[in-house]
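Some notes on the structure that comes next.
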Amino acid sequence: MKQAKWITAVLCLAGVGLAAAPRTGMTYAEAQARLPQRQLPRFWAGKMEDLSGRLSRWKTPEIRIIARSPGGRPLHLIQFGSSSRPPALANFNSAIGAREPAAYCDAAARKQPVVLFLGPVHGHEVEALTGLVNLAEIMETGRDLRGRDQSGLHALGRRCLVLIIPAGNPDGTARFQPGALQGLAGADLRFWGQGTWSDHSFCDWPGCKRQHPMVGANIGFLGCYFNDQGINPMHDEFFEPMGPESRAILKVAKETAPDLAVSLHSHESKPALLRPAYVPLEIQESVRQLARETYTLLEQRGLPHAEPFTPAPEKGPHPEPFNLASALYHISGAAAFTFECPHGLAEETACPASLEQILDIQLTLYEAMLRWALDRKTP
Ligand SMILES: [Zn+2]
Numbered sequence: 013m014k015q016a017k018w019i020t021a022v023l024c025l026a027g028v029g030l031a032a033a034p035r036t037g038m039t040y041a042e043a044q045a046r047l048p049q050r051q052l053p054r055f056w057a058g059k060m061e062d063l064s065g066r067l068s069r070w071k072t073p074e075i076r077i078i079a080r081s082p083g084g085r086p087l088h089l090i091q092f093g094s095s096s097r098p099p100a101l102a103n104f105n106s107a108i109g110a111r112e113p114a115a116y117c118d119a120a121a122r123k124q125p126v127v128l129f130l131g132p133v134h135g136h137e138v139e140a141l142t143g144l145v146n147l148a149e150i151m152e153t154g155r156d157l158r159g160r161d162q163s164g165l166h167a168l169g170r171r172c173l174v175l176i177i178p179a180g181n182p183d184g185t186a187r188f189q190p191g192a193l194q195g196l197a198g199a200d201l202r203f204w205g206q207g208t209w210s211d212h213s214f215c216d217w218p219g220c221k222r223q224h225p226m227v228g229a230n231i232g233f234l235g236c237y238f239n240d241q242g243i244n245p246m247h248d249e250f251f252e253p254m255g256p257e258s259r260a261i262l263k264v265a266k267e268t269a270p271d272l273a274v275s276l277h278s279h280e281s282k283p284a285l286l287r288p289a290y291v292p293l294e295i296q297e298s299v300r301q302l303a304r305e306t307y308t309l310l311e312q313r314g315l316p317h318a319e320p321f322t323p324a325p326e327k328g329p330h331p332e333p334f335n336l337a338s339a340l341y342h343i344s345g346a347a348a349f350t351f352e353c354p355h356g357l358a359e360e361t362a363c364p365a366s367l368e369q370i371l372d373i374q375l376t377l378y379e380a381m382l383r384w385a386l387d388r389k390t391p
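Residue numbering for the sequence shown follows this note's numbering, starting at 13 and increasing by one per position.
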């Protein structure tokens with residue numbers, strides 16, 4: 013383990029007084045001792061219990077368990093609205109081969125656009141779990157969990173078929189003890205997110221991807237990126253999935269043919285819609301337009317945002333990986349992309365955001381997505 017050895021060396025140097033060096037590792041006991049003593053607000057959903065406690069209270073959606081995680085936890089699909097999809101003659105890629113996408117799904121013949129919201133497949137990125145639990149509450153009652161009127165978003169949602177997978181990696185989220193990373197340090201993100209090797213050094217990003225599944229004697233704390241079998245659903249083997257999560261997520265996409273689909277993530281920086289890789293440039297351009305519209309709404313609301321990406325073909329010595337967002341396009345034709353929300357870390361280089369602002373960022377993205385889908389539906 014070349015990288016792990018290097019990190020250990022840095023740890024040793026730190027031990028002889030190399031002050032101000034970034035923390036390069038952490039034990040489980042140290043991570044526990046750093047947990048903030050705070051009560052998270054009621055509108056925040058940072059744990060699996062925050063979801064399971066609410067599911068039975070929503071009366072209007074159809075709620076299904078679409079898979080069980082290796083840890084035995086249910087993966088839920090919450091559906092508002094009914095599907096009006098005619099039977100498919102072919103799977104997506106055969107229909108594309110026939111130059112007749114309607115053989116898979118005649119989207120123009122559907123009454124409503126279909127939008128798929130996929131919650132955290134990286135379990136600690138609970139900003140999206142919070143956002144989606146609030147979205148479901150808004151679809152049910154017209155108000156978010158702060159009690160704030162959201163009748164505009166409610167009305168938009170009711171004109172669409174809204175599919176919500178609130179927790180894309182229940183094992184990972186169940187392992188996440190802080191409930192929120194807002195106000196915590198980058199070291200806490202690295203511990204809970206990517207985890208540690210057995211010498212307590214951080215696996216870090218992107219080094220955490222060099223071993224997959226993340227199993228074996230060299231693993232310390234298994235980060236919340238992974239399910240209980242060490243699988244990161246973002247980088248599963250999509251032609252023969254190793255984990256039940258990505259298999260179930262892709263099945264939902266295949267059966268519902270969403271017009272638009274997002275895999276919701278979080279990072280240290282400003283809110284960003286990422287360029288989808290390995291999809292036609294037209295799909296990239298379409299997502300870029302959605303990015304522009306989302307950033308305009310965020311700007312109007314005094315919320316931070318990144319700049320729109322530039323569409324580009326895959327190239328270079330380290331091209332982008334074919335990830336879950338790419339797979340969502342290739343199985344369903346959806347304009348599928350990854351969204352990154354700020355955690356609101358207390359770091360100089362991080363994008364600051366309060367818990368309230370994080371929820372507002374999530375809801376603003378959802379609004380922009382629903383508008384985007386409806387705009388393309390209305391002749
Ligand atoms: Zn992520």
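In this text, a Cβ means the ideal position worked out from N, Cα and C, and glycines have one as well.
Here the stretch 77 to 84 does not lie against the stretch 158 to 170, with fewer than 3 beta-carbon pairs under 8 Å apart. The closest CA to that of Phe238, considering only Arg259, Val274, Ala186 and Lys282, is found on Ala186. Close CB contacts of His136 within its chain, under the 6 Å cut and outside five residues either way in sequence, are with Phe188, Trp204, Gly205 and Cys236 (chain order). When the alpha-carbon of Ala192 is set against those of Lys389, Leu386 and Phe55, the nearest one is in Phe55. By the Cβ-count criterion, Asp387 is exposed, with fewer than 16 other Cβ atoms from all chains shown falling within 10 Å of its own Cβ.
Rounded to whole angstroms, the gap between the alpha carbons of Pro270 and Arg35 is 43 Å. The shortest CA-to-CA distance from Leu101 to any of Ala199, Gly207 and Glu267 is the one to Glu267.
Residue pairing for Trp70: DSSP places it in no beta bridge. A distance criterion of 7 Å places the beta-carbon of Glu137 in contact range of ligand 1, judged by its closest non-hydrogen atom.
With respect to the 8 Å criterion, Pro178 and Gly131 are classified as neighbours on the basis of their beta carbons. For Asp183, the closest alpha carbon among the candidates Gly207, Ser344, Gln241 and Val291 is that of Gln241. Remark: the C-beta of His212 is outside contact range of ligand 1, defined as less than 7 Å to any heavy atom. For the pair Ala358 and Leu196, the CB atoms are nearer than the 8 Å cut-off.
Judged by the Cβ position, His277 qualifies as a neighbour of ligand 1 at the 7 Å threshold, a heavy atom of the ligand being closer than this. Along the stretch 62 to 115, the alpha helix (DSSP H) occurs as fully enclosed runs of 4 or more residues at 104 to 109, listed in sequence order. Taking a C-beta distance under 8 Å as the contact criterion, Val299 and Ala347 qualify as a contact pair. In this structure, DSSP gives Pro256 a helical state, which the three-state scheme calls helix. Judged by DSSP in its simplified three-state form, Ile295 adopts helix.
Of the residues assessed, Tyr40 falls on the exposed side of the cut-off, its CB having fewer than 16 other CB atoms within 10 angstroms. Cβ atoms of Leu315 and Asp372 come within 8 Å of each other, at about 6 Å. Residue side-chain check: His247 keeps its Cβ at 7 Å or more from all non-hydrogen atoms of ligand 1.
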